[in-house]
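Undergrad: Structure in structure tokens, see below.
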Amino acid sequence: MQARVVMLVDFDYFFAQCEELRNPALKGKPVVVGVYSGRTSESGAVSTANYVAREYGVKSGIPLHLAKKRLKGTEAVFLPVDGGFYEQISNKIMHALRGYADSFEKTSIDEAYLDVTRKARGSYKVARDLAKKMKLFVKKEFGIIFSVGVGPNKLVAKIAADSQKPDGLTVIKPEQVESFLSPLPVNRLLGVGVKTAAKLDTIGIKTVGDLARYDVQRLMSVFGKKLGVYFHNSARGVDNEPVQEKDEVESISRISTLKENTRDLTVMLEKTDQLIEDIHKDVVARNIKFKQVSVIAIMTDLSVRSRSKTLETVTKDAEVLKQAVRELFEKFLGESELEIRRVGVKISSFAKEQAKQKRLTSFFQGN
DNA sequence: GTATGCTTTCGGC
DNA sequence: TTACGGCCGAAAGCATAC
Numbered sequence: 057m058q059a060r061v062v063m064l065v066d067f068d069y070f071f072a073q074c075e076e077l078r079n080p081a082l083k084g085k086p087v088v089v090g091v092y093s094g095r096t097s098e099s100g101a102v103s104t105a106n107y108v109a110r111e112y113g114v115k116s117g118i119p120l121h122l123a124k125k126r127l128k129g130t131e132a133v134f135l136p137v138d139g140g141f142y143e144q145i146s147n148k149i150m151h152a153l154r155g156y157a158d159s160f161e162k163t164s165i166d167e168a169y170l171d172v173t174r175k176a177r178g179s180y181k182v183a184r185d186l187a188k189k190m191k192l193f194v195k196k197e198f199g200i201i202f203s204v205g206v207g208p209n210k211l212v213a214k215i216a217a218d219s220q221k222p223d224g225l226t227v228i229k230p231e232q233v234e235s236f237l238s239p240l241p242v243n244r245l246l247g248v249g250v251k252t253a254a255k256l257d258t259i260g261i262k263t264v265g266d267l268a269r270y271d272v273q274r275l276m277s278v279f280g281k282k283l284g285v286y287f288h289n290s291a292r293g294v295d296n297e298p299v300q301e302k303d304e305v306e307s308i309s310r311i312s313t314l315k316e317n318t319r320d321l322t323v324m325l326e327k328t329d330q331l332i333e334d335i336h337k338d339v340v341a342r343n344i345k346f347k348q349v350s351v352i353a354i355m356t357d358l359s360v361r362s363r364s365k366t367l368e369t370v371t372k373d374a375e376v377l378k379q380a381v382r383e384l385f386e387k388f389l390g391e392s393e394l395e396i397r398r399v400g401v402k403i404s405s406f407a408k409e410q411a412k413q414k415r416l417t418s419f420f421q422g423n
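Read in the working numbering, the first sequence has 284 at position 228, and its numbers run on one by one without any break.
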């Protein structure tokens, strides 16, 4: 099989970079883009911060209050997330990037894989030049910088991109894969979380190199055949996952912070009705049906709980969704004592709406 | 014994 | 002194099927 050349493009500190683009006077100052929950004027969390802000220990996920404290005395600028604006910019850049690839796979608003095997004629030198060209073009045309990882597959490209940013370009040729991956901790591999890393640790495996050298039969006896083989391959930088457009998202969710903590079902359902309306718009726009419904509750102590149910049949009906959400929260309230701070609704297990029998029946069905 | 599917939790950004 | 979003896919844990 022909060796592939795969790139991972990752837009640097994307939301904050978009804000710098809109207002260049922000450059050089700490920029913090946050989600304001509306509870108090400053209640919320950091979504993204630029690298100036990161110098002060301000990063994704920390409370806005804490960010403000860490940036006291600086010219820091705090801005609310403007998702629509970032999406417009992302869409334009993604469209441009597609042109550089044989096949393209957008994985999020700020990340995409490009298979450039043919465009680079299988050469890593050509691929590097292509990446440089891409970076220059996007910077000139859209004013946005990003980091690129190049490797023989998605796994290596992703880890390469992470290893140098912002504005990085890291190329790992096939013959460099082993020495590149070998010293990294095992949790850098996709599929290795905290639990798996701990389990690997008990058999003396800490680095990707340790894992690569471990006997595959033993690995299979510990993790089962499928996972064992998967880990064995990953550690050796072997990954045959194709770069291909994903047709649809796997889940759609909305979550929101309540004005006050509560255990009052009516209050919670009032909020989830708004979320459901929003989700339903998305369902109609995407022309999909869903089979799985989940509710999410974030408790006073910020712990996260969820409950879900699988419907008898797929549906696109908002009323069915409302009823399922009511049932799930009723059940949940019976199982826990803490007050609830935030509530969320999620749908998943999608099926495409059949294009067939499109005419009279669906037209007159009313939904 | 392993695969598969469902449910809940975790973690990155 | 504390402070705390929204969204997604991955990971983990378990039950059941094969």
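All C-beta atoms, glycine included, are put in the ideal place defined by N, C-alpha and C.
Under a three-way DSSP split, which group does Lys-365 fall into?
TA: Position 309 of the first sequence, counted from the first residue, corresponds to residue 365. In this structure, Lys-365 counts as strand in the three-state DSSP scheme.
Undergrad: With a threshold of 6 Å, establish whether the CB of Lys-124 neighbours any heavy atom of the ligand MN.
TA: Although the ligand MN was asked about, the structure shown includes no ligands whatsoever.
Undergrad: Nearest to Val-264 by alpha carbon, out of Val-250, Gly-280, Val-242?
TA: Start at 1 with the first residue of the first sequence, and residue 264 comes out as number 208. Closest option to Val-264, Cα to Cα, is Val-242.
Undergrad: Using CA atoms only, rank isn't needed, just tell me which of Glu-131, Asn-106, Thr-163, Asp-223 is closest to Glu-76.
TA: Taking the first residue of the first sequence as position 1, residue 76 is located at position 20. It is Asn-106.
Undergrad: Consult DSSP for Phe-202 and reduce its assignment to one of helix, strand or coil.
TA: Residue 202 sits at position 146 when you count from the first residue of the first sequence. Strand.
Undergrad: Under a three-way DSSP split, which group does Pro-80 fall into?
TA: Mapped onto the first sequence, residue 80 falls at position 24. If DSSP states are grouped into helix, strand and coil, Pro-80 belongs with the helices.
Undergrad: Can you find the residues in the same chain that come closer than 6 Å, C-beta to C-beta, to Val-108, ignoring five residues on each side of it along the sequence?
TA: Position 52 of the first sequence, counted from the first residue, corresponds to residue 108. So the qualifying residues of the chain are Pro-86.
Undergrad: Taking Gly-140 as part of the alpha helix (DSSP H), name the residues at either end of that continuous run.
TA: Residue numbering aside, residue 140 sits at position 84 when the first sequence is read from its first letter. Unbroken alpha helix (DSSP H) run through Gly-140: 139 to 154.
Undergrad: Below 8 Å on the Cβ atoms is my contact criterion, and I expect Lys-229 with Tyr-180 to pass it. Report the Cβ-Cβ distance as a whole number of Å.
TA: Locating residue 229 in the first sequence gives position 173, counting from the first residue. Locating residue 180 in the first sequence gives position 124, counting from the first residue. With a Cβ gap of about 5 Å, Lys-229 and Tyr-180 count as contacting.
Undergrad: Please classify Asp-357 as buried or exposed, where buried requires at least 16 neighbouring CB atoms within 10 angstroms.
TA: In the first sequence, the residue the question calls residue 357 occupies position 301. By the neighbour-count rule (16 or more Cβ atoms within 10 Å), Asp-357 is not buried but exposed.
Undergrad: To the nearest angstrom, how far is it from the Cα of Ser-404 to the Cα of Ser-364?
TA: Position 348 of the first sequence, counted from the first residue, corresponds to residue 404. Position 308 of the first sequence, counted from the first residue, corresponds to residue 364. Roughly 10 Å between the two C-alpha positions.
Undergrad: Which term fits Leu-120, buried or exposed, when burial requires 16 or more other beta carbons within 10 angstroms of its beta carbon?
TA: Indexing the first sequence from 1 puts residue 120 at position 64. It is buried - the Cβ of Leu-120 has at least 16 other Cβ atoms within 10 Å.
Undergrad: Using CA atoms only, rank isn't needed, just tell me which of Leu-267, Ser-312, Ser-99 is closest to Ile-354.
TA: Along the first sequence, one-based indexing puts residue 354 at 298. Measuring from the Cα of Ile-354, the nearest candidate turns out to be Ser-312.
Undergrad: Counting only runs of 4+ residues fully inside the stretch 165 to 251, write out the alpha helix (DSSP H) ranges in chain order.
TA: Listed in chain order, they are 180 to 198, 210 to 218, 233 to 237.
Undergrad: Tell me, which residues are paired with Met-63 by DSSP?
TA: Your numbering for residue 63 matches position 7 in the first sequence. Answer is Leu-170, Val-206.
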